[in-house]
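The listed protein sequences correspond, in order, to chains A and B. Numbers in the numbering used here are just positions in the first sequence, counted from 1, shifted up by 1. Numbers in the numbering used here are just positions in the second sequence, counted from 1, shifted up by 1. The C-beta atom is built at its ideal place from N, Cα and C for all residues, glycine as well. Quantities reported herein were computed from a predicted structural model and do not represent experimental measurements. What follows is a single structure, written as structure tokens, with notes after it.
There are 2 protein chains.
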Amino acid sequence: MSKVTIATVAARAGVSRQTVSNVLNTPEVVREETRERVREAIAALGYRVSQAARQMRTGRSRLIAVRIEPDRDGINGSVLDRFLHGLTDAAAPAGYRVMLYTATDDTDEIATYENLLSSYELDAFVLTGTHRGDVRTSWLAEHEVPFVTFGRPWGAPDTHSWVDVDNAAGTVAATRHLLGTGHRRIGFLGWPPGDGVGDERRAGWAATLADAGLPGAGLEVAVEDGIENGAAAVAHLLPSVDALVCASDSLALGALRAVRDSGRACAVIGFDNTAVAQAVGLTSVNQPLTEVAARCIDLLAGVLDRSAAPSQLLLQPALVIRQTAP
Amino acid sequence: MSKVTIATVAARAGVSRQTVSNVLNTPEVVREETRERVREAIAALGYRVSQAARQMRTGRSRLIAVRIEPDRDGINGSVLDRFLHGLTDAAAPAGYRVMLYTATDDTDEIATYENLLSSYELDAFVLTGTHRGDVRTSWLAEHEVPFVTFGRPWGAPDTHSWVDVDNAAGTVAATRHLLGTGHRRIGFLGWPPGDGVGDERRAGWAATLADAGLPGAGLEVAVEDGIENGAAAVAHLLPSVDALVCASDSLALGALRAVRDSGRACAVIGFDNTAVAQAVGLTSVNQPLTEVAARCIDLLAGVLDRSAAPSQLLLQPALVIRQTAP
């Protein structure tokens, strides 16, 4: 594009470059008649204030950075893709754009922060996948880099703004639905303990069974995520259960396969309401990801203005009922 | 972050700010002993050249923009999400970062270009979803904005750099696989004519049947994409076919449902090898999206340097064989 500069505008309006700059930055010091003439020249030439120039002046880039996950099994990864869609949608009306980066682990992500902060003027980071012992949030706080997280601090001090989904409420809703439809031997297929999200999802199931006076002991199994793992792990549980609450749609798909292979009847509920759940008719817990993303952008405004104390928001998931647990 | 500026570095090294600037921009004009002292100060203070400052100097932002699609049925949308993962991965080692935007249609996308170009210093755009009568590429070309496209120009002059996947080769491979496994009445479930991608996918099927001396007439049906549409459309074809090539995984999932409901045997092959295909065991044509993204970044380098004539790359898809068409 042929660049229209302040000098071009100044020449056309018959004023100095300083006057054009004043009209742009401190219009109140310019006489109205001159201001009009400069604005007409700006409009006629299609002059636009360069973001780089404005950024040098304001120290604000209107750019926020978020990590994009490596392409995993394409099922659970889609949750963060949906969050990313929501974030991009919510950022634009608020005057922000989203920049992407990848990282293989926390240490690599911190190295990437350093790289990004040295190469781009970023206003803030939006972190995903917070977990116990997360060194990323403390690094950002120490370096006074503004950020919000999708995910609570999991044991770390609650000193920054975050949005999260109430995972336990999701499995409470799933377990209650199964109780309400007559199931009494409700098992849980989850992840190994120690993962905050996984522990919460298990806790919702366990508490709901306890409230109903039903036993959960011996009705649960924990494996790493994945369809194959789920199918293998659940096989030995099937004689003991008539329904299964699962920590993810991947595990639930494995459970569905094991149920089909066993010839038994067993209701199955997944977690995350992925496209796969929609495609195969899997009842699943839906996280309000568009809402999470919008609230992250809202909180960011307060973080950047330093106008608000850190805020925390826990949003409620909702059960989407389909054929596997009608 | 507390800012280390050129002035801080100058004070520590005991030189002028101009000397620091010279060391950064034209080190050959600075005496070696002074250069060393300034570099020690830069290292000790952790000084980093601001991207905004560098950008004012070089006119390069190292930012490229790509559109993120609205969250559709989560099946076909995942194809562009995979492309986005690949693009982010390939951009970083090449020194670029990816910025996201959304748009509802071509006109809205062009308005977004104007908005982005006036607010950010962008080096280039990566366009997806090219189609017949695409006004976006002509707009970018007219405004001399560098870009590459994932998708060929579909009838427009071949004047820019693009990467695409050979869609016809995908359905040729699918149809040949069905022929090789003994099927002779092979139908096609596609989209309404006029869509470049859809027309190519249909053409691969039709040409392969013709080569084999088999009839295709009456064995095809065209509907808008979607599981429900696919299921409804294919029902009346089922008595006439023993296999189906589909233009998308969504249509293939619909076909699978219709096949199951009919109680007939019918092989089904989808297109795009989505997570859903993996989950339900659907044989499907895989687009090499990581490769497409990497080649887009490669071509971009030539476009930005104006060092290369426009290049076009057509990559080959591959059939992933699973249970629905073993």
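In terms of residues, what are the limits of the alpha helix (DSSP H) holding residue i?
i: residue 338 of chain A; result: Within the shown structure, residues of chain A are numbered from 2 to 327, placing residue 338 of chain A beyond reach of any answer.
i: residue 142 of chain B; result: 136-143
i: residue 239 of chain B; result: Unbroken run through residue 239 of chain B: none, as it is neither H nor E.
Chain B partners of residue i, CB-CB under 7 Å?
i: residue 316 of chain A; result: Per Cβ cutoff of 7 Å: no residues; residue 316 of chain A is ~17 Å from chain B at best.
Using 10 angstroms around the beta-carbon of residue i, count the other beta-carbons present and answer buried if the total reaches 16, otherwise exposed.
i: residue 119 of chain B; result: exposed
i: residue 238 of chain A; result: buried
i: residue 241 of chain B; result: exposed
i: residue 1 of chain B; result: Chain B is shown only over 2 to 327; residue 1 of chain B falls outside these bounds and no answer can be derived.
i: residue 165 of chain A; result: buried
i: residue 198 of chain B; result: buried
i: residue 278 of chain B; result: buried
i: residue 19 of chain B; result: exposed
i: residue 221 of chain A; result: buried
i: residue 105 of chain A; result: exposed
i: residue 210 of chain A; result: buried
i: residue 264 of chain B; result: exposed
i: residue 324 of chain B; result: exposed
i: residue 136 of chain B; result: exposed
i: residue 315 of chain B; result: exposed
i: residue 62 of chain A; result: buried
i: residue 143 of chain A; result: exposed
i: residue 251 of chain B; result: buried
i: residue 201 of chain A; result: buried
Residues of chain A with a CB under 7 Å from the CB of residue i: which are they?
i: residue 129 of chain B; result: Ordered by position in chain A, no residue passes the 7 Å Cβ test against residue 129 of chain B, which lies about 14 Å from the chain.
i: residue 254 of chain B; result: 280
Could you check what DSSP says for residue i in three-state terms: helix, strand or coil?
i: residue 150 of chain B; result: strand
i: residue 282 of chain B; result: coil
i: residue 14 of chain A; result: helix
i: residue 63 of chain B; result: coil
i: residue 323 of chain B; result: coil
i: residue 215 of chain A; result: coil
i: residue 32 of chain A; result: coil
i: residue 185 of chain A; result: coil
i: residue 56 of chain A; result: No answer about residue 56 of chain A holds up, because its pLDDT of 49 lies below 50 and its placement is not dependable.
i: residue 175 of chain A; result: helix
i: residue 220 of chain B; result: coil
i: residue 24 of chain B; result: helix
i: residue 191 of chain B; result: strand
On the DSSP letters alone, give me the boundaries of the beta strand (DSSP E) that residue i sits inside.
i: residue 165 of chain A; result: 163-166
i: residue 129 of chain A; result: 125-129
i: residue 297 of chain A; result: Taken as a continuous stretch (DSSP letters only), residue 297 of chain A belongs to no beta strand (DSSP E), being part of the alpha helix (DSSP H) at 290-306.
i: residue 261 of chain A; result: Counting along the chain, residue 261 of chain A falls outside any beta strand (DSSP E), though it belongs to the alpha helix (DSSP H) covering 250-263.
i: residue 317 of chain A; result: Where residue 317 of chain A is concerned, there is no enclosing beta strand (DSSP E), given that its DSSP letter is neither H nor E.
i: residue 70 of chain A; result: Note, residue 70 of chain A: premise wrong, no beta strand (DSSP E); not H, not E.
i: residue 269 of chain A; result: 268-272
i: residue 102 of chain B; result: 98-102
i: residue 244 of chain A; result: 244-247
At a CB-CB cut-off below 8 Å, which residues of chain A make contact with residue i?
i: residue 69 of chain B; result: 85, 86 and 89
i: residue 79 of chain B; result: 75, 79, 82 and 276
i: residue 99 of chain B; result: 100 and 101
Against residue i, what residues of chain B qualify as contacts under a CB-to-CB distance less than 8 Å, listed in chain order?
i: residue 63 of chain A; result: 120 and 121
i: residue 93 of chain A; result: 102 and 103
Can you give the beta carbon distance from residue i to residue j, rounded, assuming they're within the 8 Å contact cut?
i: residue 103 of chain A; j: residue 93 of chain B; result: 7 Å
i: residue 301 of chain B; j: residue 65 of chain B; result: 7 Å
i: residue 129 of chain B; j: residue 138 of chain B; result: Actually they do not touch by this definition, with Cβ atoms about 12 Å apart.
i: residue 268 of chain B; j: residue 179 of chain B; result: 6 Å
i: residue 273 of chain A; j: residue 249 of chain A; result: 6 Å
i: residue 14 of chain A; j: residue 39 of chain A; result: 5 Å
i: residue 321 of chain B; j: residue 284 of chain B; result: 7 Å
i: residue 295 of chain B; j: residue 91 of chain B; result: 4 Å
Got a sec: is the Cβ-Cβ distance from residue i to anything in chain C below 7 Å?
i: residue 142 of chain A; result: Any reference to chain C falls outside this structure, whose protein chains are A and B.
Using 6 Å as the cut-off, classify the Cβ of residue i as near or not near the heavy atoms of the ligand GTP, replying yes or no.
i: residue 190 of chain A; result: No copy of the ligand GTP appears in this structure; indeed no ligand is present at all.
Under 9 Å Cβ-Cβ, which residues of chain B neighbour residue i?
i: residue 228 of chain A; result: 279 and 280
i: residue 136 of chain A; result: Per Cβ cutoff of 9 Å: no residues; residue 136 of chain A is ~18 Å from chain B at best.
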